[in-house]
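Peer 1: To convert, note that position 31 of the sequence shown is 31 in UniProt numbering; the numbers rise steadily by one, no gaps.
All C-beta atoms, glycine included, are put in the ideal place defined by N, C-alpha and C.
As the structure is a prediction and not an experimental result, all values here were calculated from the model.
My structure is below; once you've seen it, I'll send some questions.
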Amino acid sequence: MIETFNTGETAQELKEKYNPDGSILRKCQLRMLDMLIYLTGVCGRLQIDYCLESGNILGALRHGGFIPWDDDVDINVSRNDYEKLCRYLKENPHPQFVLQDEYTDLGFMQSSWAVLRDLKSEYFQNSVSHNIRKYRGMQIDIFVVDNCIIPSLYKFMQRVAGYRSGMLNNNYVGVARVIQNVNKNILLPFCRFLGKYFGDKSIYMYEYGYPFNYSPMRKNIMYPHKPIEFEGHLFNGPADPVSYCRNLYNNYIELPPVDKRNHHQASYKIWD
């Protein structure tokens, strides 16, 4: 954790500016921390080898927890563990947290990942893709990582995901649903089949169907997972978190300019 940054700002100044104790953002961050403790506890009981993701690893190294202006938590798991985790969360419902996927919420048009949602909070976001969903509380994304990725296929599926999102957010819900069904029933199985035989087994990456940029990680950067401190708790992180962050963010230690600090375009409501 860094105390004084390249901009001259201190950790305390950032906290006072973005997420002071008692602020709505800080309450949301702490709610997501509660969700993360629950979710990783389930992973432990099921012997699922999860790992914290992207901005949470950056936040752990640079801030000791959440990036002060961030409202996001993500984990990743293997494909087999993903199926096991989703099945458990559906069969053993929590009174406050619910699994959101394409089966529990018809408005959630994703086949490649799921979300753990909080039932005692709500995001307010001006997008069709968000507002047609049944569950809109604070969330933890549950992503799948795979080592059977063919780069050209990944980029093709990324474009498909982007096109589907564009149709959805322009209120062409029926068209988006057709694309989603083709994606789920034809494209994803075909890409997974080809990847199994022709994918690069030395790299790990989000599986096909994600809208994110292609950012492969070598196995020795990802595995074996090792503990990393986040908000005073130990969670699983990548084997080499420094190389992981350099791969994703280059000069990850440096704060971005104020106008580049990536606030999610949302407001929140949270209750006890």
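Relative to the C-alpha of Ala266, which candidate in Asp105, Gly137, Lys120, Leu14 has its C-alpha closest?
Peer 2: The residue given as residue 266 occupies position 266 in the sequence shown. Taking only the C-alpha atoms, the option nearest Ala266 is Gly137.
Peer 1: For the region 98 to 171, which segments carrying the alpha helix (DSSP H) assignment without a break, of at least 4 residues, lie completely within its bounds, in sequence order?
Peer 2: For the region 98 to 171, whole alpha helix (DSSP H) runs of length 4 or above, ordered along the chain, are 128 to 131, 151 to 169.
Peer 1: Flag this pair as touching only if the region 141 to 156 and the region 191 to 206 have three or more C-beta atom pairs under 8 angstroms; answer yes or no.
Peer 2: Enough Cβ pairs lie closer than 8 angstroms, so yes.
Peer 1: Check the DSSP bridge columns for Ile228 and list the partner residues they point to.
Peer 2: Here residue 228 corresponds to residue number 228 of the sequence shown, with the count starting at 1. Ile228 is bridged to Phe235.
Peer 1: Expressed to the nearest angstrom, what Euclidean distance is found between the alpha-carbon atoms of Gly64 and Arg246?
Peer 2: Counting from one through the sequence shown, the residue named residue 64 turns up at place 64. Counting from one through the sequence shown, the residue named residue 246 turns up at place 246. Computed Cα separation, rounded: 17 angstroms.
Peer 1: Looking at the strands, I want to know which residues DSSP matches up with Lys269.
Peer 2: Translated into the one-based positions of the sequence shown, residue 269 becomes position 269. Paired residue(s): Glu122.
Peer 1: Have a look at Leu61 and Met1 and give me their C-alpha separation to the nearest angstrom.
Peer 2: As a first step, residue 61 is located in the sequence shown; it is residue number 61 there, counting from the start. As a first step, residue 1 is located in the sequence shown; it is residue number 1 there, counting from the start. Their backbone Cα atoms lie some 6 angstroms apart in a straight line.
Peer 1: Write down the C-beta distance between Asn19 and Pro68 rounded to the nearest angstrom, noting that I regard them as a contact closer than 8 angstroms.
Peer 2: Position 19 of the sequence shown, counting from 1, holds the residue named residue 19. Position 68 of the sequence shown, counting from 1, holds the residue named residue 68. Confirmed, about 5 angstroms.
Peer 1: Express the C-alpha separation of Val77 and Asn126 in angstroms, rounding to a whole number.
Peer 2: Stepping through the sequence shown from its first residue, residue 126 is reached at position 126. Stepping through the sequence shown from its first residue, residue 77 is reached at position 77. Those two C-alpha atoms are separated by around 30 angstroms.
Peer 1: Strictly by DSSP, which residues pair up with Asp74?
Peer 2: On the sequence shown, position 74 is the one that residue 74 refers to. DSSP output for Asp74 lists Asp141 as bridge partner(s).
Peer 1: Label Ile37 either buried or exposed according to how many other C-beta atoms from any shown protein chain fall within 10 Å of its C-beta, with 16 as the threshold for buried.
Peer 2: Here residue 37 corresponds to residue number 37 of the sequence shown, with the count starting at 1. Answer is exposed; the Cβ neighbour count stays below 16.
Peer 1: Would you kindly report the start and end of the unbroken beta strand (DSSP E) that includes Ile203?
Peer 2: One-based indexing of the sequence shown puts residue 203 at position 203. Run containing Ile203: 203 to 206, per the beta strand (DSSP E) assignment.
Peer 1: Label Phe230 either buried or exposed according to how many other C-beta atoms from any shown protein chain fall within 10 Å of its C-beta, with 16 as the threshold for buried.
Peer 2: Here residue 230 is taken as the residue at index 230 of the sequence shown, counted from 1. So Phe230 ends up on the buried side.
Peer 1: Return the chain-ordered list of same chain residues with a C-beta closer than 7 angstroms to the C-beta of Gly162, the five sequence neighbours on each side being excluded.
Peer 2: As a first step, residue 162 is located in the sequence shown; it is residue number 162 there, counting from the start. Excluding residues within five positions, the ones whose Cβ falls inside 7 angstroms are Pro211.
Peer 1: For the region 45 to 57 against the region 91 to 98, do three or more pairs of beta-carbon atoms, one drawn from each stretch, fall closer than 8 angstroms, so that the two count as touching?
Peer 2: No, they do not touch.
Peer 1: Figure out for me which residue from Arg261, Ser243, Cys28, Phe190 has the closest Cα to the Cα of Glu122.
Peer 2: Residue mapping note: residue 122 aligns to position 122 of the sequence shown, counting from 1. Checked all of Arg261, Ser243, Cys28, Phe190; the closest Cα to Glu122 is Cys28.
Peer 1: Secondary structure at Thr7, three-state DSSP: helix, strand or coil?
Peer 2: One-based indexing of the sequence shown puts residue 7 at position 7. Note: Thr7 maps to coil in three-state DSSP.
Peer 1: State yes or no: is the C-beta of Phe235 within less than 7 angstroms of the C-beta of Leu52?
Peer 2: In the sequence shown, the residue the question calls residue 235 occupies position 235. In the sequence shown, the residue the question calls residue 52 occupies position 52. Contact: yes.
Peer 1: Identify which residue in Leu116, Lys269, Ser243 has its Cα closest to the Cα of Leu85.
Peer 2: Counting from 1 along the sequence shown, the entry for residue 85 is found at position 85. The candidate whose alpha carbon is nearest that of Leu85 is Leu116.
Peer 1: Looking only at its chain, what residues have a beta carbon closer than 6 angstroms to the beta carbon of Ile132, apart from the 5 residues adjacent to it on each side?
Peer 2: As a position in the sequence shown, residue 132 is number 132, starting the count at 1. Cβ neighbours of Ile132 beyond the five flanking positions: Gly107.
Peer 1: Could you give the DSSP three-state label for Asp240: helix, strand or coil?
Peer 2: Within the sequence shown, numbered from 1, the residue matching residue 240 stands at position 240. In the structure shown, Asp240 sits in coil (DSSP, three-state: anything other than H, G, I, E or B).
Peer 1: By the 10 Å Cβ neighbour count, where 16 or more other Cβ atoms means buried, how is Gly174 classified, buried or exposed?
Peer 2: Here the question's residue 174 lines up with position 174 in the sequence shown. Answer is exposed; the Cβ neighbour count stays below 16.
Peer 1: On the DSSP bridge list, what partners appear for Asp200?
Peer 2: Mapped onto the sequence shown, residue 200 falls at position 200. Note: Asp200 sits in a beta bridge opposite Ile149.
Peer 1: Which same chain residues, not among the five before or five after Leu188, have their C-beta less than 8 angstroms away from its C-beta?
Peer 2: Sequence index remark: in the sequence shown, residue 188 carries index 188 (1-based). Only Ser111, Ser112, Met157, Tyr208, Gly209 meet the Cβ criterion.
Peer 1: Report the rounded CA-to-CA distance for Asp200 versus Lys90, giving the unit in angstroms.
Peer 2: For the purposes of this step, residue 200 is taken as residue 200 along the sequence shown, with counting starting at 1. For the purposes of this step, residue 90 is taken as residue 90 along the sequence shown, with counting starting at 1. Each residue's alpha carbon lies about 33 angstroms from the other.
Peer 1: Quick one: give me the first and last residue of the alpha helix (DSSP H) that Lys84 is part of.
Peer 2: Working through the sequence shown from its first residue, we reach residue 84 at position 84. Start and end: 79 to 91.
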